[in-house]
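Asks: Using my numbering, you'd call the opening residue of the sequence shown number 50 and step up by one each time.
In this text, a Cβ means the ideal position worked out from N, Cα and C, and glycines have one as well.
Predicted model, so just to flag it, every value in this text is computed and none were measured.
Just passing along the structure, written as structure tokens.
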Amino acid sequence: MNIKGNNLDIKITSIIFDLDGTLLDTIDDLADSTNQVLQGFNFPVHSVQSYKLFVGNGLRTLIERAVPVGTAVETVDTCCVEFERIYAQQWKSKCSLYTGINDMLAALQKRGIPLAILSNKPHQFTQLFVEEFFPRGLFRYAFGQRQGFPKKPHPAGAVEIANLLQMNTENILFVGDSDVDIQTGKNAGMKTAAVSWGFRPVEELLENNPDILINHPLDLLDNAIFTY
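Shown next, in the form of structure tokens:
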């Protein structure tokens, strides 16, 4: 697979995907769960649109953005625990695959391209989503936020996957829907693809200079972008 664009002609040997906002539309359940936490503390709740800007940097940052400014650290800690309790009960209530994702992944698998997932979602939830929504063995590795690993955009998780795959980082494409994902790929020395169907506006994506921007999952298979 060769990536074409911006004067690039780089052989892509594997792909790492973000999860939320890239493969799965999870925003409604994230918003519902966080709002239930806020209601329990008599804090103001937020719209789904607001949550599209709150998510992407891990659970604690989501809670810190959702609670009122100046909320005590101890209260934030409690909110994080409460979120995990509530989310565990409704993590897939409204979740769905984006249109075209299954076809894209099947085509990439057929071409023998190793696939992986790297998310800032807690690891236990990342594993639940992968087991629920994707065929067993589709992804060589699927990691969420784990103890001992810094969150994206730190490159540690992405580089770990590259090492496990025994592939050079410059031959890996990192695909995601936010500035966090683009910067993760860049920090790891990988090529980057931003998707326009996710949680963040296209303007934000372009400001972070991804190598390519795709508007539909099947665009990843387009010969204008990739040559097999």
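Give me the Cα-Cα distance between D260 and I162, rounded to the nearest whole angstrom.
Replies: The straight-line gap from Cα to Cα measures roughly 19 Å.
Asks: If we call anything under 8 Å between Cβ atoms a contact, is H203 one with N236?
Replies: Contact: yes.
Asks: Can you find a CB in chain C that lies within less than 8 Å of the CB of P163?
Replies: The structure shown contains no chain C; it is built from a single protein chain.
Asks: If we call anything under 8 Å between Cβ atoms a contact, is H95 one with N84?
Replies: The answer is yes: Cβ separation under 8 Å.
Asks: By Cβ distance, which residues of its chain are closer than 8 Å to E209, with the 5 residues on each side in sequence left out?
Replies: Cβ neighbours of E209 beyond the five flanking positions: F192 and F198.
Asks: Are three or more beta carbon pairs between the region 126-140 and the region 173-182 nearer than 8 Å?
Replies: Enough Cβ pairs lie closer than 8 Å, so yes.
Asks: Taking the C-alpha atoms as reference points, what is the distance between G70 and F103?
Replies: Answer to the nearest angstrom: the Cα atoms are 12 Å apart.
Asks: Whose CA, out of R160, E253, V251 and A165, lies closest to the CA of F223?
Replies: The option with the nearest alpha carbon to F223 is A165.
Asks: Taking the alpha-carbon positions, what's the A243 to R109 distance?
Replies: Roughly 24 Å between the two C-alpha positions.
Asks: Taking T233 as the reference, which of Y136, Q173 and I65 has the closest Cα?
Replies: Closest option to T233, Cα to Cα, is I65.
Asks: Once DSSP output is grouped into helix, strand and coil, what is the label at S227?
Replies: Of the three classes helix, strand and coil, the one that applies to S227 here is coil, per DSSP.
Asks: Helix or strand or just coil, what does DSSP make of G193?
Replies: Three-state result, G193: strand.
Asks: Which residues bound the beta strand (DSSP E) around N169?
Replies: First-last of the beta strand (DSSP E) with N169: L164 to P171.
Asks: Near T62, which residues of its chain fall below 6 Å by C-beta distance, leaving aside the five closest residues on each side in sequence?
Replies: So the list reads M216 and N220, once near-sequence residues are dropped.
Asks: What runs of the alpha helix (DSSP H), each 4 residues or longer, lie entirely inside the region 61-124?
Replies: As far as the region 61-124 is concerned, its whole alpha helix (DSSP H) runs of at least 4 residues are 76-89, 97-103 and 108-115.
Asks: In this structure, how does DSSP classify A242 when only helix, strand and coil are distinguished?
Replies: If DSSP states are grouped into helix, strand and coil, A242 belongs with the strands.
Asks: Rounded C-beta distance between C144 and D81? I'm assuming under 8 Å.
Replies: The Cβ separation is near 11 Å, so there is no contact.
Asks: Based on Cα-Cα distance, which residue from I112, V251 and F183 lies nearest to E133?
Replies: The candidate whose alpha carbon is nearest that of E133 is I112.
Asks: Taking all protein chains shown into account, do 16 or more other C-beta atoms lie within 10 angstroms of the C-beta of D74, making it buried, or fewer, making it exposed?
Replies: Flag for D74 reads buried.
Asks: Pull up the distance between the alpha-carbon of L267 and that of W246, whole angstroms please.
Replies: Straight-line Cα distance between these residues: approximately 12 Å.
Asks: Using beta-carbon positions only, say whether R189 and D226 come within less than 8 Å of one another.
Replies: Their beta carbons are not under 8 Å apart, which means R189 does not touch D226 by this criterion.
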